[in-house]
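Numbers 143 to 539, taken from the working numbering, label the letters of the sequence shown in order. Glycine residues also receive a C-beta, built at the ideal position from the N, C-alpha and C atoms. Input: a single structure, listed below in structure tokens.
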Amino acid sequence: MRANYGIVLLLAAFSAAPRCAAQQATAPARPVQQSAAPTALVPAPQKSPQVDAEGNATFTLAMPNAAKVDLHLEGVKDPIPMTKGADGAWTVTVPKLAPEYYSYAYEVDGTSIIDPHNTTVKTSFFYTQSVFLVPGQPPMPWQTADVPHGEVHHHFYYSKIVGINSEYYVYTPPGFDAKRGTQYPVLYLLHGYSDDASAWTAMGKANVILDNLIAQGKAKPMIVVMPLGYGTMDMITKGWAVWRDPETTARNFRGYARVLYEEVMPQVKAEYPISDKREEHAIAGLSMGGAETLLVGLNHTDDFAYIGAFSAGGIDADNPVPLFPAITAQTGAQFQSKLKVFWVACGTEDRLYSANQKLIAWFKEQGMQPTAISTPGMHVWMVWRDNLSNFAPLLFK
Numbered sequence: 143m144r145a146n147y148g149i150v151l152l153l154a155a156f157s158a159a160p161r162c163a164a165q166q167a168t169a170p171a172r173p174v175q176q177s178a179a180p181t182a183l184v185p186a187p188q189k190s191p192q193v194d195a196e197g198n199a200t201f202t203l204a205m206p207n208a209a210k211v212d213l214h215l216e217g218v219k220d221p222i223p224m225t226k227g228a229d230g231a232w233t234v235t236v237p238k239l240a241p242e243y244y245s246y247a248y249e250v251d252g253t254s255i256i257d258p259h260n261t262t263v264k265t266s267f268f269y270t271q272s273v274f275l276v277p278g279q280p281p282m283p284w285q286t287a288d289v290p291h292g293e294v295h296h297h298f299y300y301s302k303i304v305g306i307n308s309e310y311y312v313y314t315p316p317g318f319d320a321k322r323g324t325q326y327p328v329l330y331l332l333h334g335y336s337d338d339a340s341a342w343t344a345m346g347k348a349n350v351i352l353d354n355l356i357a358q359g360k361a362k363p364m365i366v367v368m369p370l371g372y373g374t375m376d377m378i379t380k381g382w383a384v385w386r387d388p389e390t391t392a393r394n395f396r397g398y399a400r401v402l403y404e405e406v407m408p409q410v411k412a413e414y415p416i417s418d419k420r421e422e423h424a425i426a427g428l429s430m431g432g433a434e435t436l437l438v439g440l441n442h443t444d445d446f447a448y449i450g451a452f453s454a455g456g457i458d459a460d461n462p463v464p465l466f467p468a469i470t471a472q473t474g475a476q477f478q479s480k481l482k483v484f485w486v487a488c489g490t491e492d493r494l495y496s497a498n499q500k501l502i503a504w505f506k507e508q509g510m511q512p513t514a515i516s517t518p519g520m521h522v523w524m525v526w527r528d529n530l531s532n533f534a535p536l537l538f539k
């Protein structure tokens, strides 16, 4: 089953998430007399956060009975304490934020909640967070601009390999016409652990980034496939502790390679005019998806000429040899010659930075020449949007 969503609809209110996580209070059953002034228990309608021209963001949460409220803001390591006012509302202003999309949540007496005054949210298998934009001037690559827009298509299917109802998203560039006979290059773009298939559009803004790069002549028109990234749902049912379970993570990586090759790729090729040339096939991903990118891409260079790993996580950097038989079966120079771009990036403050540096060193020891990118930042979407904005222009040249 296939549903097509225009890019404007998908990004309404700056990329509203695919599922609503906030509900409005129901109206009273009968009219009530308005008081002269709103009480602390019935706060006036407001928009939160309020962002001014200098990037100062003011957050407000009416929780008069709370004893402690903290703000958890993407890109900031520690919780930010909020201050309670006489009206029962908790507030804090975070100064001079860089132009970006930010996810955030409130912690109210130990319980995490989204912002009830912000309808834009990011979902995952484990939590929901609110999202807001600090706009840039000039606009950042991931801001919706007055340029031709492509479309994002949402596909559903039953995965026999994983045993679940699964999904994938497909971005088609502006001017795409399946009947025209044009064969398009393809980028398979993989999300990270805990996220779902919507992550690269909801928070990564991949479609917006491609729209802008294509309009500027910096990237070639391409099809981007963004599938659900699990080879076994034990990865989710076991929670974050699964990363201390090498048997399950290895089974996940093996299973996901099968999902790509046996389920996603055949469906995409049947639905879209994708080039058969390996020189027009790319794969990239973040975190868990970065590891899947390396394991699939480097072991299938007959299918992929462009490989990009962003903050790859889940690979044993101290013993990578068993994971990459295709590399060790030939000289590094022979292997490298098959790749037009081999790009390994990570945030300098990321907990995975050291492991990524070890992997890069090992690739070089094999005689390969990965492009190593160190991006300022943590394990956050700010880093990955920047990575995609710089990786996509390198493709299919």
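In the DSSP annotation of this structure, the continuous segment of the alpha helix (DSSP H) that includes residue 407 starts and ends at 407-413. By alpha-carbon distance to residue 356, the top candidate from 317, 507, 379, 380 is 317.
Beta-bridge partners of residue 313 (DSSP): 294, 366.
Taking C-alpha positions only, residue 497 is separated from residue 192 by approximately 39 Å. Excluding sequence positions up to five before and after residue 215, its CB lies within less than 7 Å of the CB of 222, 236, 244, 246, all in the same chain and listed in chain order. Distance check between residue 393 and each of 463, 371, 512 places 371 closest, using alpha-carbon atoms only.
Spanning the alpha carbons of residue 464 and residue 367 requires a straight line of approximately 28 Å. If you draw a straight line from the Cα of residue 436 to the Cα of residue 242, it is about 28 Å long. At a Cβ-Cβ threshold of 8 Å, residue 429 and residue 450 do not count as neighbours. Contact between the stretch 385-399 and the stretch 408-423 is not established, with fewer than three Cβ pairs separated by less than 8 Å.
Excluding residues up to 5 positions away in sequence, 347, 350, 351, 527 lie with their Cβ nearer than 6 Å to the Cβ of residue 284 in the same chain.
Pairing residue 281 with residue 335, the inter-Cα distance amounts to about 29 Å.
DSSP places residue 251 outside any beta strand (DSSP E), giving it a letter other than H or E. The beta carbon of residue 484 sits closer than 6 Å to the beta carbons of 449, 512 from its chain, once the five residues preceding and following it are set aside; these are given in chain order. Under the three-state reduction of DSSP, residue 498 is assigned to helix. A direct Cα-to-Cα measurement between residue 323 and residue 414 gives close to 10 Å.
Note that the stretch 202-221 touches the stretch 247-254; at least 3 beta-carbon pairs, one per stretch, sit closer than 8 Å. Considered as a whole, the stretch 312-349 harbours 341-344 as its complete alpha helix (DSSP H) runs of no fewer than 4 residues, in chain order.
Cβ neighbours of residue 305 within its own chain (closer than 8 Å, five residues either side excluded): 375.
With respect to residue 270, residue 263 sits close: the two C-beta atoms are nearer than 8 Å. Residue 384 sits buried, since 16 or more C-beta atoms from the chains shown fall within 10 Å of its C-beta.
Residue 271 is bridged by DSSP to 264. Taking the C-beta atoms as reference points, residue 410 is found no nearer than 8 Å to residue 303.
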